[in-house]
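Below is one structure; the comments refer to it alone.
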Amino acid sequence: MASPIPAQFAPQNILLIKLRHHGDMLLTTPAINALRARYPQANIDVLLYKETRPMLEAHPAIRQLHIIDRNWKKAGGWQKFRHELALVTAVRACHYDVVINLADQWRSAIITGLSGAPVRIGFAFNKRNNAFWRACHNYRVSTAQHGQLHTVEQNMAALQPLGIAAAGARASMHFSAADQQKVQQMLTAAHVNGPFVVVQPTSRWVFKCWEDEKVAQLIEALTADGRTVVLTAAPDQKELAMISHIQSLCRSQNVVSLAGELSLPQLAALIDAARLFIGVDSAPMHMAAALETPCLALFGPTKLQHWRPWGENNRVIWAGDYAPLPSPDSIDTKTEQRYLSAIPVADVIAAARNFLHD
50 MASPIPAQFA PQNILLIKLR HHGDMLLTTP AINALRARYP QANIDVLLYK
100 ETRPMLEAHP AIRQLHIIDR NWKKAGGWQK FRHELALVTA VRACHYDVVI
150 NLADQWRSAI ITGLSGAPVR IGFAFNKRNN AFWRACHNYR VSTAQHGQLH
200 TVEQNMAALQ PLGIAAAGAR ASMHFSAADQ QKVQQMLTAA HVNGPFVVVQ
250 PTSRWVFKCW EDEKVAQLIE ALTADGRTVV LTAAPDQKEL AMISHIQSLC
300 RSQNVVSLAG ELSLPQLAAL IDAARLFIGV DSAPMHMAAA LETPCLALFG
350 PTKLQHWRPW GENNRVIWAG DYAPLPSPDS IDTKTEQRYL SAIPVADVIA
400 AARNFLHD
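The sequence shown begins at 50 in our numbering and counts up one residue at a time.
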């Protein structure tokens with residue numbers, strides 16, 4: 050382990066690495082925001098997977114994004130090597146003073162080790178307890194408490210060698226004025242001119258979803274109260290089919306679907322303008338929490354401690370409070386079973402109305 054980092058350390062160039070899904074990328078923003086607050090003059094860059102770029106591309110604290118395209122491996126060994134070499138060359142050319150590796154992959158460790166940064170921070174994962182991992186990271190942070198920590202708190206723990214505490218960690222989601230304008234045009238075209246509720250009942254994993262019939266009953270109750278509901282989903286055929294089925298079960302005319310029509314920053318602009326977001330354990334739920342839009346999140350067999358919405362203006366309804374749930378680690382993610390089925394419609398309606406009371 051290297052000697053302690055002096056309090057007066059003032060890095061000019063910082064790289065943060067995280068190679069995960071969309072929601073995971075949003076939950077790195079508290080660490081990015083804390084780095085910006087501590088080092089206001091530093092350049093902060095992020096290395097991430099190409100598909101997750103929309104989560105961070107509008108963040109004002111980030112100078113540039115280094116991209117890994119998962120399709121590189123389809124190009125063949127030599128082409129893949131050229132891409133990886135170009136990435137390492139670009140990282141080294143930035144002359145980072147600090148690299149913070151929040152990932153557990155060997156690839157992220159190799160890039161950290163080859164970065165040339167004098168301060169290379171990573172986690173002391175039990176599964177990576179070997180000389181190579183230690184050589185790549187000269188500051189390693191214990192993961193002993195990770196089981197009790199939210200993902201935001203885990204990420205913030207990596208800043209401990211820099212003397213940055215986790216207290217007050219704040220997530221953020223950003224979008225451009227053009228995104229905001231585009232969303233307003235879409236709402237106007239759909240005749241949504243007043244307050245509205247965003248409902249995103251879909252997830253890439255069906256086991257995280259509530260039944261379509263219950264979602265429709267929720268929508269009917271909200272529209273009966275005079276609310277306008279805007280349905281959203283990813284541009285995925287299974288998710289779009291779910292939205293179509295839910296719409297077919299609704300009698301109200303006060304339901305609009307923008308499913309599959311929005312980029313992630315545009316979805317953020319929509320959620321930011323909403324009175325309430327209702328959804329399941331997904332990236333849009335984390336976006337709502339980061340945007341401080343009131344958020345009602347339905348959870349099933351997910352590790353709540355790690356993935357609950359981060360912030361103050363949120364309410365979680367957990368299926369485990371109504372019926373036994375299997376261990377999150379035992380779930381077959383390809384299953385069609387919907388583990389949220391034990392959640393009663395009446396409780397979700399009551400929680401939504403509690404958020405919406407005028």
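Just so you know, even glycine gets a beta-carbon here, dropped at the ideal spot from N, CA and C. The structure presented is a predicted model; accordingly, all values stated were derived computationally and were not measured.
Residues bridged to residue i [DSSP beta-bridge criterion]
i	result
residue 162	Looking at the DSSP assignment, residue 162 forms no beta bridge with any residue, so it has no partner.
residue 172	190
residue 345	327, 364
residue 66	96, 150
residue 249	328
Terminal residues of the alpha helix (DSSP H) in which residue i lies
i	result
residue 112	That residue, residue 112, is in no alpha helix (DSSP H); its beta strand (DSSP E) goes 111-117.
residue 154	No alpha helix (DSSP H) holds residue 154; DSSP gives it neither H nor E.
residue 306	That residue, residue 306, is in no alpha helix (DSSP H); its beta strand (DSSP E) goes 304-306.
residue 403	394-405
residue 300	It is not in any alpha helix (DSSP H) - residue 300 carries neither H nor E in the DSSP assignment.
residue 129	126-142
residue 79	78-87
residue 378	Looking at the DSSP string, residue 378 is not in any alpha helix (DSSP H), and its letter there is neither H nor E.
residue 262	261-273
residue 201	200-206
residue 74	71-75
Beta-carbon gap between residue i and residue j smaller than 7 Å
i	j	result
residue 372	residue 392	no
residue 248	residue 323	no
residue 349	residue 257	yes
residue 325	residue 343	yes
residue 345	residue 327	yes
residue 245	residue 190	no
residue 259	residue 340	no
residue 158	residue 182	yes
residue 261	residue 292	no
residue 111	residue 63	no
residue 105	residue 67	no
residue 165	residue 141	yes
residue 317	residue 281	no
residue 59	residue 213	no
Per-residue burial, residue i [other beta carbons within 10 Å of its own, 16 or more giving buried]
i	result
residue 276	buried
residue 177	buried
residue 134	exposed
residue 356	buried
residue 351	buried
residue 408	For residue 408 there is no data in the structure shown, the boundaries of the chain being 50 and 407.
residue 161	buried
residue 269	buried
residue 194	exposed
residue 231	buried
residue 337	buried
residue 199	buried
residue 297	exposed
residue 331	buried
residue 204	buried
residue 155	exposed
First through last residue of the beta strand (DSSP E) which encompasses residue i
i	result
residue 277	277-280
residue 241	Here residue 241 belongs to no beta strand (DSSP E), and DSSP marks it neither H nor E.
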